[in-house]
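Everything in the sequence shown is counted per full-length UniProt numbering, starting at 1 for the first residue and increasing by one. What follows is one structure encoded as structure tokens, with my remarks underneath.
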Amino acid sequence: MTRFTRDTEIFRDEDMLREDYQPDSIAARDEELEAYENALQPVINGAQPRNIFLYGKAGVGKTAVTRFLLSHLKDDVEAYDDVDLSVYWLNCTNFSSSYQVAANLVNLLRPASQQISTTGYPQQTVFDMLYSELESIGGTVLLVLDEIDHIGQDDDILYELPRARSNGYLDNVKPGVVGISNDFGFRETLSPKVKDTLCEEEIHFPPYQAPELESILKQRVDGALQEDALSTGVLQLCAAIAAQDTGSARQALDLLYKAGDIARTEGDPPIVEDHVRAASQALERGQIRHGMRELTHHGHLTLIATLSLALEDEMPARVREIYPEYRTVADHSGTDPLVRRRMHDHLADLSMVGILQRTVRNEGRAGGQYHEYEFDVPLDLVRDVVRELEDIVPPDRVARRI
């Protein structure tokens, strides 16, 4: 008996709905494409590349447009003998300093047998290693630093790299930096000298509107789905939900993909609006789970303390009521508790990411102003995540209720 057979009712090529799929053309980004092409023009002219800074929320096309244009640029320079272009891409999500970015760039440019440790060297030594590797490559080198905002205010590399040639560290190579940031606030934290250097060309990617998201979905559907897999209104609903929430193409594509997956699992084609609504709920629950799992250790302690009160039906609660629970959970887990003010910061973080709802109360001159907290997500989700935490031991009275 055959257990696995290929889809014939929903998906034709589901990879076309995934985040890493590179389309043959870019929809709904004409202005950004034109500005980006102009910024890259010096490369094809054989001149020193401009340094480019892209910013906008996650899922609005920065990375997709960059991959698309750089792929065409690498193909087009083949027509010119005097341009030798190399492109290197580094995702900086896990790096918090210029040192880490420089060390990982060295390893990106070196063969596996010559990798360096990412700790232990003076920073200038690592920069010198990077300059040496760039010199050995020669020609024109574009370094794409994706999610560069993760380095925070330690932005030395964003000054040193673009200036390396003018400062005499490089002779035989023309470097250019493309910085991509999901956080526009990061630009404001850059030192003035970095802004002058890196932000030579700035391109803002605004959130997509619903019609733009719909055009992106239509671009993918013909190849991704079977001919009769989609009912009327599904693409419009996916686009509307994503536009109202984040304006992210990634979210719209995830919604359509998940809706198709639900229709496939339930053996209930075609994809209808109810599948999209179910997909929206499932994805939201997944995001909530991920947000709770990614909390710090003390964030988890604060979460469990608040859950303890919720299970006793003692919500909403003030900081003065949550803090003793927090201390109990910390002591039971063998962790030195934070002072009340610092624990309150973790409550504020839980509120910021949508796990807790914070309400401001005012009792007038006599009582002053204070905050009350209660969960803004289903308690069963919180229970599920808390059960998975291996480094925290809840008190017995809490463990029995989880």
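Beta carbons are placed, not taken as given, at the ideal position from N, Cα and C, and that holds for glycine. Remember, predicted model here, so these are calculated numbers, not experimental data.
Boundaries of the alpha helix (DSSP H) in which residue i is found, first to last residue
| i | result |
| --- | --- |
| His300 | His297 to Leu311 |
| Arg29 | Where Arg29 is concerned, there is no enclosing alpha helix (DSSP H), given that its DSSP letter is neither H nor E. |
| Arg341 | Arg340 to Met352 |
| Phe186 | Phe184 to Thr189 |
| Lys258 | Ala249 to Thr265 |
| Arg361 | Taken as a continuous stretch (DSSP letters only), Arg361 belongs to no alpha helix (DSSP H), being part of the beta strand (DSSP E) at Leu356 to Asn362. |
| Leu381 | Leu379 to Glu388 |
| Ala72 | Looking at the sequence provided, one finds His at residue 72 rather than Ala. Run containing His72: Lys62 to Asp76, per the alpha helix (DSSP H) assignment. |
| Ser181 | First-last for Ser181: Val173 to Ser181, but that is the beta strand (DSSP E), not the alpha helix (DSSP H). |
| Ser280 | Glu273 to Arg293 |
| Ser98 | Ser98 to Leu109 |
| His332 | Val319 to His332 |
| Leu158 | Asp156 to Arg163 |
| Ile241 | Val234 to Asp245 |
| residue 475 | Since the first residue shown for the chain is 1 and the last is 402, residue 475 is missing from the structure and cannot be characterised. |
Neighbour-count burial assignment, residue i, 16 or more Cβ in a 10 Å radius
| i | result |
| --- | --- |
| Tyr80 | exposed |
| Met1 | exposed |
| Gly59 | buried |
| Gly120 | exposed |
| Pro175 | buried |
| Gly247 | buried |
| Gln100 | buried |
| Lys218 | exposed |
| Tyr370 | exposed |
| Met129 | buried |
| Met315 | buried |
| Phe4 | exposed |
| Pro378 | exposed |
| His72 | exposed |
| Lys193 | exposed |
Limits of the beta strand (DSSP E) - the one that residue i falls within
| i | result |
| --- | --- |
| Asp196 | Element bounds for Asp196: not the beta strand (DSSP E) but the alpha helix (DSSP H), Pro192 to Leu198. |
| Ile216 | Segment Ala210 to Ala224 is the alpha helix (DSSP H) holding Ile216; no beta strand (DSSP E) there. |
| Val144 | Gly139 to Asp146 |
| Val87 | Leu85 to Asn91 |
| His204 | Glu201 to His204 |
| Gln369 | Gln369 to Phe375 |
| Leu54 | Ile52 to Tyr55 |
Candidates the options: closest to residue i by CA position
| i | options | result |
| --- | --- | --- |
| Asp7 | Asp261, Pro316, Glu388 and Ile26 | Asp261 |
| Ser132 | Asn51, Thr328, Ala103 and Asp84 | Ala103 |
| Pro207 | Val173, Ala249 and Ser308 | Ala249 |
| Arg277 | Thr302, Leu237 and Glu312 | Leu237 |
| Leu158 | Leu303, Gly138, Leu213 and Ile180 | Ile180 |
| Leu54 | Val126, Thr5, His204 and His72 | His204 |
| His297 | Leu338, Leu283 and Leu307 | Leu338 |
| residue 404 | Val234, Thr302, Asp313 and Met315 | An answer regarding residue 404 cannot be provided, because it is not within the stretch 1 to 402 covered by the chain. |
| Ala229 | Leu90, Ala310, Ala239 and Ala263 | Ala263 |
| Leu309 | Arg401, Gln244 and Leu235 | Arg401 |
| Asp15 | Arg29, Arg220, Glu214 and Glu34 | Arg220 |
| Arg110 | Tyr88, Pro122, Gln124 and Gln123 | Tyr88 |
| Leu105 | Ser113, Leu73, Phe127 and Gly61 | Phe127 |
| Gly368 | Ile116, Val360 and Pro122 | Val360 |
| Pro162 | Ile52, Asp76, Leu235 and Asn91 | Ile52 |
| Thr328 | Arg397, Ile355, Glu32 and Gln357 | Arg397 |
| Leu143 | Val177, Asp76 and Val77 | Val177 |
| Lys195 | Glu160, Pro211, Gln114 and Ala210 | Glu160 |
| Glu374 | Val77, Gly56, Gln209 and Asp313 | Asp313 |
| Asp82 | Gly354, Gly334 and Thr140 | Thr140 |
| Leu283 | Gln251, Gln123 and Ile26 | Gln251 |
| Thr63 | Lys74, Leu33, Val77 and Arg50 | Leu33 |
Cβ separation of residue i and residue j, assumed to be a contact under 8 Å, to the nearest whole Å
| i | j | result |
| --- | --- | --- |
| Asp349 | Gly286 | At roughly 20 Å, the Cβ-Cβ gap does not stay under 8 Å, so Asp349 and Gly286 are not in contact. |
| Glu135 | Asn94 | No, Glu135 and Asn94 are not in contact; Cβ-Cβ is about 27 Å, not under 8 Å. |
| Ile151 | Ser231 | No, Ile151 and Ser231 are not in contact; Cβ-Cβ is about 46 Å, not under 8 Å. |
| Ser280 | Ile241 | 6 Å |
| Asp149 | Asp183 | 4 Å |
| Ile44 | Ser86 | Ile44 to Ser86, Cβ: 15 Å. No contact. |
| Asn91 | Asp24 | No, Asn91 and Asp24 are not in contact; Cβ-Cβ is about 24 Å, not under 8 Å. |
| Ala239 | Glu266 | Incorrect: roughly 23 Å between the Cβ atoms, too far for contact. |
| Ile322 | Val386 | Ile322 to Val386, Cβ: 15 Å. No contact. |
TODO: Say whether the stretch 284-294 touches the stretch 334-347, bearing in mind that this needs 3 or more beta-carbon pairs closer than 8 Å, one atom from each stretch.
DONE: No: fewer than three Cβ pairs fall under 8 Å.
Open item on the list: Below 8 Å, how does it come out for the stretch 252-259 and the stretch 63-70: are there three or more Cβ pairs, yes or no?
Closed with: no
TODO: May I ask you to verify whether the stretch 272-282 touches the stretch 348-368, counting CB pairs closer than 8 Å and requiring at least 3?
DONE: no
Open item on the list: Is it the case that the stretch 159-168 contacts the stretch 16-25, given that we only count it when at least three CB pairs across the two stretches are under 8 Å?
Closed with: no
- [ ] Pair every Cβ in the stretch 32-43 with every Cβ in the stretch 196-203, then say whether three or more of these pairs are closer than 8 Å.
- [x] yes
Task: Segment contact, 8 Å Cβ cut-off, at least three pairs: the stretch 170-190 with the stretch 219-229 - done: no
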